[in-house]
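Take a look at the structure below.
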Amino acid sequence: MDYVFLVLIFLGVLFMLLGSGVWVGIAMMGVSWVALELFSNSTTIGQDMVSQIWSASKSWELAALPMFIWMGEILFRTRLSEDMFKGLSPWMAKLPGGLVHANIVGCTVFAAVSGSSAATLTTVGKMSIPELRKRNYPEQMTIGTLAGAATLGLMIPPSLTLIVYGVTIDGVSIIKLFFAGILPGLVLASMFMIYVAVYSKVSKSWNPMQEEGMSFVDKLKNSRFLIPVILLVLMVIGSMYLGFATPTEAAAIGVVGAWALALIQGSLNWQTFRDSTIGAVRTSAMIALILAGSAFLKFAMAKTGLPKELAELIAGWEFTKFWLLMVLLVFYIILGCFLDGISTVVLTMAVLEPVVREAGIDLIWFGIFIVVVVEMAQITPPIGFNLFVMQGMTQHEMGFIARAAFPMFMIMVLMVFVLIAFPDLATWLPDNLRSGPGG
Numbered sequence: 000m001d002y003v004f005l006v007l008i009f010l011g012v013l014f015m016l017l018g019s020g021v022w023v024g025i026a027m028m029g030v031s032w033v034a035l036e037l038f039s040n041s042t043t044i045g046q047d048m049v050s051q052i053w054s055a056s057k058s059w060e061l062a063a064l065p066m067f068i069w070m071g072e073i074l075f076r077t078r079l080s081e082d083m084f085k086g087l088s089p090w091m092a093k094l095p096g097g098l099v100h101a102n103i104v105g106c107t108v109f110a111a112v113s114g115s116s117a118a119t120l121t122t123v124g125k126m127s128i129p130e131l132r133k134r135n136y137p138e139q140m141t142i143g144t145l146a147g148a149a150t151l152g153l154m155i156p157p158s159l160t161l162i163v164y165g166v167t168i169d170g171v172s173i174i175k176l177f178f179a180g181i182l183p184g185l186v187l188a189s190m191f192m193i194y195v196a197v198y199s200k201v202s203k204s205w206n207p208m209q210e211e212g213m214s215f216v217d218k219l220k221n222s223r224f225l226i227p228v229i230l231l232v233l234m235v236i237g238s239m240y241l242g243f244a245t246p247t248e249a250a251a252i253g254v255v256g257a258w259a260l261a262l263i264q265g266s267l268n269w270q271t272f273r274d275s276t277i278g279a280v281r282t283s284a285m286i287a288l289i290l291a292g293s294a295f296l297k298f299a300m301a302k303t304g305l306p307k308e309l310a311e312l313i314a315g316w317e318f319t320k321f322w323l324l325m326v327l328l329v330f331y332i333i334l335g336c337f338l339d340g341i342s343t344v345v346l347t348m349a350v351l352e353p354v355v356r357e358a359g360i361d362l363i364w365f366g367i368f369i370v371v372v373v374e375m376a377q378i379t380p381p382i383g384f385n386l387f388v389m390q391g392m393t394q395h396e397m398g399f400i401a402r403a404a405f406p407m408f409m410i411m412v413l414m415v416f417v418l419i420a421f422p423d424l425a426t427w428l429p430d431n432l433r434s435g436p437g438g
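The numbers in numbering that gives the first Met the number 0 rise by one with no breaks, and the one at position 131 of the sequence shown is 130.
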């Protein structure tokens, strides 16, 4: 059988369905049905579909997903962004680049309690954009750093993308994936901050208002606003690292902590409960449908023999690991122009997992690689989701926002090479993780 012909047929069916407005999960099921009906000997397609969807939907690890989403939805409706800006700005003001660093650090902190790029962008942006505009910081830098740094919500735990990757790949621990994302996430945030510092020194348009000096004691007093979010991060991440909780149990701890924070801030009311719950259900249902479609697609691809043949074909090309990763980098950048991050992960892993295993690439490390390239997709037109969120917040044209975010995109490309050169960035913490429930 000509497997190139198969790939072209499957891609044609997929893009035809997506172009007609069908949901991504349903489109994957459509491709699966075509694969089984036309290119396999299966006589129980309906039964196979039900079995695969049920198996994908009853995963205990998947239960962490709606809980982490709910935690982010609750925090989005509190005064967390306002408090974070008050706590961070006195420490950031005197750094080269000034309060733009509050964008990056704020996104990094909120990423550790959200797991969502869009939630991180919206929560931090609703406070930082007006403040930075008031102080005459360059609009392009304000927007670019916010759009780029918000993608850290995909990497720093609890990352929804890493949960989806862990559920999709057999034998990969979600807790280890979480801790694999910490050091690369901090390194990427540092690279963003270095860029801001250098830009502020060389740019002729950099002329923000000077901040009034604040004593060290006053800075410490303002830092009290950071205590709730820091405690929440320690509760969620610490409970997993110390082996006290599985990801699902840590997510439940996070939800309780988020409600406690909402109560302390006076944000706890029926409207907050209703809106956060509905928001979490909608997002969780969307991701669950995509994962169900992915499970059926993975089964269908295995029946056609395509993944095995593709792995053998690529092995025959005798690519080194480096050049294989370069091919995958370009492939994911192109795919990211048309699909959101989670859809990209689940759609491609059905075919590429055997290729990655055959190449001997560490699946924990590869999860972080995937997250970095998926982060790029969040800020690449025409489908980059962060660009749409930013457009809704600022009313700028899409082209202006994409140009503003382009330096962040290039820094992420650089981060891929940093990961390849220093793989221990992603593997050291998981390799030294304490064993615990679900570890």
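A virtual CB, placed ideally from N, CA and C, is assigned to each residue, including glycine.
Model, not experiment: these values are computed from the prediction.
Within this structure, are the beta carbons of residue i and residue j separated by less than 8 Å?
{"i": "GLY24", "j": "ILE289", "result": "yes"}
{"i": "TYR240", "j": "PHE178", "result": "yes"}
{"i": "ILE173", "j": "GLY165", "result": "yes"}
{"i": "LEU176", "j": "ILE341", "result": "no"}
{"i": "THR144", "j": "MET407", "result": "yes"}
{"i": "ILE369", "j": "ALA404", "result": "no"}
{"i": "ARG78", "j": "SER266", "result": "yes"}
{"i": "PHE215", "j": "MET83", "result": "no"}
{"i": "ILE155", "j": "ALA111", "result": "yes"}
{"i": "LEU64", "j": "LEU161", "result": "no"}
{"i": "SER127", "j": "ALA287", "result": "no"}
{"i": "THR167", "j": "SER293", "result": "yes"}
{"i": "PRO334", "j": "VAL30", "result": "Just to set this straight, residue 334 is Leu in the shown sequence, not Pro. No."}
{"i": "VAL388", "j": "LEU120", "result": "yes"}
{"i": "VAL344", "j": "VAL163", "result": "yes"}
{"i": "LEU305", "j": "MET27", "result": "no"}
{"i": "ALA244", "j": "MET300", "result": "no"}
{"i": "ALA279", "j": "LEU323", "result": "no"}
{"i": "PHE38", "j": "THR247", "result": "no"}
{"i": "LEU413", "j": "ALA146", "result": "no"}
{"i": "ILE410", "j": "TYR194", "result": "yes"}
{"i": "TRP69", "j": "SER238", "result": "no"}
{"i": "ALA261", "j": "ILE8", "result": "no"}
Buried or exposed, going by whether 16 or more other CB atoms sit within 10 Å of the CB of residue i?
{"i": "PRO157", "result": "buried"}
{"i": "GLY97", "result": "buried"}
{"i": "ASP169", "result": "exposed"}
{"i": "PRO129", "result": "exposed"}
{"i": "PHE75", "result": "buried"}
{"i": "GLN394", "result": "exposed"}
{"i": "SER19", "result": "exposed"}
{"i": "TRP258", "result": "buried"}
{"i": "THR319", "result": "exposed"}
{"i": "ALA420", "result": "exposed"}
{"i": "GLN270", "result": "exposed"}
{"i": "LEU233", "result": "exposed"}
{"i": "GLY366", "result": "buried"}
{"i": "PHE109", "result": "buried"}
{"i": "ILE103", "result": "buried"}
{"i": "GLU317", "result": "exposed"}
{"i": "PHE298", "result": "buried"}
{"i": "GLY11", "result": "exposed"}
{"i": "GLY315", "result": "exposed"}
{"i": "MET375", "result": "buried"}
{"i": "LEU439", "result": "This structure cannot settle anything about residue 439, because the visible part of the chain is limited to 0 through 438."}
{"i": "SER54", "result": "exposed"}
Which of the three DSSP states, helix, strand or coil, is assigned to residue i?
{"i": "GLY242", "result": "coil"}
{"i": "ALA250", "result": "helix"}
{"i": "THR77", "result": "coil"}
{"i": "ALA404", "result": "helix"}
{"i": "ILE360", "result": "coil"}
{"i": "GLY437", "result": "Any answer about GLY437 is weak, because its pLDDT of 48 lies below 50 and its placement is not dependable; what the coordinates show is given next. GLY437: coil per DSSP, three-state reduction."}
{"i": "PHE178", "result": "helix"}
{"i": "ALA146", "result": "helix"}
{"i": "GLY383", "result": "coil"}
{"i": "GLN390", "result": "helix"}
{"i": "GLU396", "result": "coil"}
{"i": "GLU374", "result": "helix"}
{"i": "ASP217", "result": "helix"}
{"i": "SER275", "result": "helix"}
{"i": "SER39", "result": "coil"}
{"i": "ASP423", "result": "helix"}
{"i": "ILE236", "result": "helix"}
{"i": "GLY292", "result": "helix"}
{"i": "ARG281", "result": "helix"}
Can residue i be considered in contact with the ligand ATP, in the sense that its beta carbon sits closer than 7 Å to one or more heavy atoms?
{"i": "ALA244", "result": "The ligand ATP is absent from the structure shown, which contains no ligands of any kind."}
Problem set entry | Sufficient close CB pairs (3 or more, under 8 Å) joining the segment 45-54 to the segment 246-254 | no
Exercise. Does the count of Cβ pairs from the segment 114-134 and the segment 26-39 closer than 8 Å reach three?
Worked result: no
For this session: Decide yes or no for the touch test of the segment 134-148 against the segment 194-205: beta carbon pairs closer than 8 Å, at least 3 of them.
Result: yes
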